[in-house]
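Here's the structure we're looking at; comments come further down.
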Amino acid sequence: MLSRTASNLFWMGRHLERAETAARLLDVGQRITLLPNTAVGYQNEWNSLLQASGASDQFRQKYSEVTQENIEEFIFFDRDNPSSVANCIERARESGRIVRTALTGQVWDALNVTYQELRKIEKTPRSKLDTATLTDFTTSHTSTVRGAINATQLRNDGWHFIHTGFGLERADATARLLDVKYFVLLPRIEFVGSGLDTYQWMVILRALSAHRAFHWAYGGDITAARVADFLILNGESPRSLVTSLYETVWHLDGLVRRYGENAPATARNQARATLDALQARDIDTIFDEGLHEFLSWFIGEIGTVSNLVHQDYLLGGA
Amino acid sequence: MVYYNEMFEGESVRDPYARLSEWVETMPEDFRQMKQAEAEALFRRIGITFAVYGEGGDPDRLIPFDMMPRVFEQSEWRRLERGIKQRARALNAFLRDVYGRGEIIRAGRIPARLVYRNEAYEKAVTGIVPPRGVYSHIIGIDLVRTAKDEFFVLEDNCRTPSGVSYMLENREIMMRMFPQLFRQNRIEPVEQYPDLLRRTLESVAPAKCDSRPTCVILTPGHYNSAYYEHSFLANLMGVELVEGQDLFVDGEFVYMRTTQGPRRVDVIYRRIDDPFLDPLCFRPDSMLGVPGLMDVYRSGGVSICSAPGAGVADDKAIYTFVPEMVRFYLGEEPLLNNVQTWTLWKDEDYKYVMANLSDLVVKEVHGSGGYGMLVGPRASKEEIETFRKKIEANPSNYIAQPTLSLSTCPTFVEQGIAPRHVDLRPFCLCGDRIELVPGGLTRVALREGSLVVNSSQGGGVKDTWVLSE
């Protein structure tokens, strides 16, 4: 497979997943703003959300006020925000267009329809759109593309590259969403264990479409330890760090098997080492270490694996 | 002017259209609109769009598709086919000759200046004979019809003719939307084109290639207006679609960068122009090409389709001599005629053209895509005068032709159907054999009375049928 093709497939996966993350972020933001009793309105929550996604400065440069409209504009529509849903969908479609020969008709079709629908939404008056429409649009279309990929793509190296992109981006996104919680709570540590605290954890579960799954898995009360365990260490949870990384390792293994002994495998080795380190922890160790510190370590590891994927496969070995 | 209508002879319907006529007449208005919308949605979904150079606007514009097919009888097509293949043989013989001994020039049949001083003549490849002596592997020959048995060649495209994806997609969409039409009419298939193209490319692999040849399509990238076609063909042929940055030269061969390291490439079907192929040989600022490619080509390490320099055969100045080529190389009379052409570097032609601008079509020798041309009968006085000044400044840059009475074909318009002018571009493949799929791309001038069929100038496309016997 051409290195450029592999690179586009990898980034198509990442951008699709990133669009979904942005939509989930929008959902979290919107739900946090519905909180009843915060002292300074929803300013703080929103800022923590932006800090977690690394876009706080950018938002403040362009928008004077934190309003529902501005949040939607920034996270969904804004072309100046590289992680906006619109940008991610456009870039995923662009990658797909560049490598059309590596995609099945159904995948291209799903991707292209997503883009055409996005353009329709962009032309719709904002007053006719609510947050739920925007997040539903995003998650349902990205799911369709994902479904088409799983149902129709050959199980070849291209498939592994797409899924490596999905896996790394998802691991990164869950870690960042969890970090929102850290930013939200930081100034008011006295809230821990309060009704407000529980509500915020619930919001994060919802944003990961995981609140039902959580109840199935744990039953009973929502506590910080249980939610963190579910999103970090639970191998059944589809977006947990351990699941995302496990699947990434599985796909990198697939590449190593396919390409044989002589091909480089540094990305796979690094991912495996990180997975081992993750699995060696339990939730108490993580809380002792500090959730934020742990998440920062993890996000750094994911960045390293991503760079190694580039080194191993995407430069073309001239 | 009276135009040949391909469907109607007076009130009566010509044979090939007999069944279609019924289909059109019984089609309810709302059904037609529904189907037209469906076709548009299909094209947009598949992603067949084109960008128009220098116009900005919607980059995802659709090329208008007309649902009314254009039909040829088997006997009509047979004649065309023979003529096209003959012309393709002559054009390749000419290229072999002018990059070799130049017999046709020595014989005084074509002025040396027109060949050797031609912008498209590549001195860098003189003396190189590509595999099987084929320079132009895909030749698009633009034809117009003026009467039942009168076809003229408007121009030859020996470099990288585009449009074949429309031929294939138009057919796909018609079969999907109107399967009953294909049961009622026995229509020759065109879907074998990508396989034939691949076979053609493999048949011209270099001698140094000792296993099954690896072919690739070289595209300038996804911003190119024909990118859809490049990826479409690569997909149907099962070959990699590469950009210049994906290829590199190492020693005697060209390689592509893959996830498993370098892989040798034997045949490059390039969709980029000569000047961009190799910055070390041609334009040093080209980012699209592959440094060192021409050295590998010269030493027989890779085949390039069409061969560098093939453009000299489809130049509008050379065009006037193609019938001469047929006689000279093949010893046959041309089966397809040229349109009468005045070359403005000749004094008597110049005088005649300048005195009759309002009746003629004037074209730039190197122009394409319907740009830089004057359609005399449709131009205003000012437009003619502006063009006159351009010609005076550089007469040898122009040729002129009579305004042809292009045939018309019924086309769906706002109210029912109406005749619109059409042309035809069949695609001839030249490798170890010369092959032609039955059909081609019919372009239609959608504006009433317009004679310009280029998609950049408001033209659309139709499915083109050849009926089997």
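Residue numbers (this note's numbering), protein chains in the order written: chain A, 37 to 354; chain B, 2 to 470.
From the three backbone atoms N, C-alpha and C, an ideal C-beta is built for every residue, glycine too.
Taking 7 Å as the cut-off, decide whether the C-beta atoms of residue i and residue j are in contact.
i: H51(A); j: A128(A); result: yes
i: L144(B); j: L425(B); result: yes
i: N171(B); j: D464(B); result: yes
i: A419(B); j: W343(B); result: no
i: V72(B); j: W466(B); result: yes
i: L202(B); j: V250(B); result: no
i: Y353(B); j: L345(B); result: no
i: L336(B); j: G84(B); result: yes
i: R46(B); j: D145(A); result: yes
i: S469(B); j: E189(B); result: yes
i: L154(A); j: G132(A); result: no
i: V239(A); j: V121(A); result: no
i: I125(A); j: A55(A); result: yes
i: L204(A); j: T279(A); result: no
i: R275(A); j: T210(A); result: yes
i: H287(A); j: T200(A); result: yes
i: R20(B); j: N186(B); result: yes
i: A235(B); j: I218(B); result: yes
i: H231(B); j: R272(B); result: yes
i: R389(B); j: I129(B); result: no
i: E123(B); j: G310(B); result: yes
i: F330(A); j: I322(A); result: yes
i: V154(B); j: G440(B); result: no
Among residues of its own chain, excluding the 5 on either side of residue i, which ones have a beta-carbon nearer than 6 Å to its beta-carbon?
i: L115(B); result: A318
i: L281(A); result: A207, L311
i: E337(A); result: T310
i: N158(B); result: G141, D315
i: L407(B); result: V145, H422, L452
i: M295(B); result: D279, C282
i: P292(B); result: P280, L281
i: L221(A); result: Any answer about L221(A) is weak, because its pLDDT of 49 lies below 50 and its placement is not dependable; what the coordinates show is given next. Correct list: empty, nothing qualifies.
i: F202(A); result: G49, E53
I believe residue i touches residue j by the beta-carbon criterion, under 8 Å. Please report the beta-carbon distance rounded to the nearest angstrom.
i: A303(A); j: V263(A); result: Going by Cβ atoms, the distance from A303(A) to V263(A) rounds to 30 Å, so no, they are not a contact pair.
i: R258(B); j: D274(B); result: Not a contact, Cβ separation roughly 23 Å.
i: P368(A); j: D265(A); result: Lying outside 37 to 354, the shown extent of chain A, residue 368(A) is not represented and no answer is given.
i: R448(B); j: G461(B); result: That pair is no contact at about 10 Å.
i: V243(B); j: G302(B); result: 16 Å between Cβ atoms; not a contact.
i: L96(B); j: S137(B); result: 7 Å
i: A108(B); j: C431(B); result: Going by Cβ atoms, the distance from A108(B) to C431(B) rounds to 24 Å, so no, they are not a contact pair.
i: Y167(B); j: I64(B); result: 7 Å
i: Y320(B); j: K364(B); result: Rounded, the Cβ-Cβ distance is 10 Å, inconsistent with contact.
i: R60(A); j: L213(A); result: 7 Å
i: S163(B); j: A227(B); result: 5 Å
Please list, in chain order, all residues of the same chain as residue i whose beta carbon is under 8 Å from its beta carbon, the five residues on each side excluded.
i: D286(B); result: P280
i: G57(B); result: Since pLDDT at G57(B) reaches only 44, below the 50 mark, its modelled position is unreliable, and no value is offered.
i: Q189(A); result: L139, T140, V143, W195, I198
i: V14(B); result: M8, S22
i: G55(B); result: Annotation note: pLDDT 42 at G55(B) (below 50); position unreliable, no value reported.
i: R118(B); result: none
i: F66(B); result: A40, E41, F44, N171, I174, G461, V462, K463
i: G239(B); result: R199
i: I225(A); result: Confidence is the limiting factor: at I225(A) the pLDDT is only 47, short of 50, which leaves the residue's position unreliable and the question unanswerable from this model.
So with CB distances below 7 Å, who are the chain B contacts of residue i?
i: T137(A); result: S232, A235, N236, L242
i: Q152(A); result: R45
i: L204(A); result: Result: empty, since nearest Cβ-Cβ is about 17 Å, beyond 7 Å.
i: A299(A); result: Q261
i: D145(A); result: R46
What residues from chain A crowd round residue i, counting only those whose CB sits closer than 8 Å?
i: T215(B); result: Going along chain A, no residue has its Cβ under 8 Å from T215(B), so there is no contact; the nearest lies around 12 Å.
i: H223(B); result: E130, R133, I134
Taking C-beta pairs closer than 9 Å, name the residues in chain B that residue i reaches, listed in chain order.
i: G183(A); result: Within chain B, no residue comes near G183(A); the closest Cβ sits about 17 Å away, beyond 9 Å.
i: M399(A); result: Since the displayed chain A opens at 37 and closes at 354, residue 399(A) lies outside it and no answer follows.
Listing by chain order, which chain A residues have their CB less than 7 Å from the CB of residue i?
i: D247(B); result: L38, R40
i: R271(B); result: Residues of chain A passing the Cβ test: none, with the nearest at roughly 16 Å.
Leaving out the 5 sequence neighbours to the left and right, which residues in its chain are closer than 7 Å to residue i when beta-carbon positions are compared?
i: R40(A); result: none
i: I134(A); result: N44
Along chain A, in chain order, which residues have C-beta atoms closer than 9 Å to that of residue i?
i: M257(B); result: L38, S39, G352
- Message: Going residue by residue through the stretch 294-332 of chain A, where are the continuous alpha helix (DSSP H) segments of at least 4 residues, counting only ones entirely within it?
- Response: 302-315, 319-325
- Task: Go through the stretch 148-208 of chain B residue by residue and report every complete run of the alpha helix (DSSP H) that reaches 4 residues or more, in order.
- Result: 165-178, 180-185, 194-204
- Item | Ranges of the alpha helix (DSSP H) found wholly within the stretch 338-402 of chain B, counting only runs of at least 4 | 348-356, 382-394
- 4 or more residues per run - each alpha helix (DSSP H) lying fully within the stretch 224-309 of chain B: 228-238, 294-299
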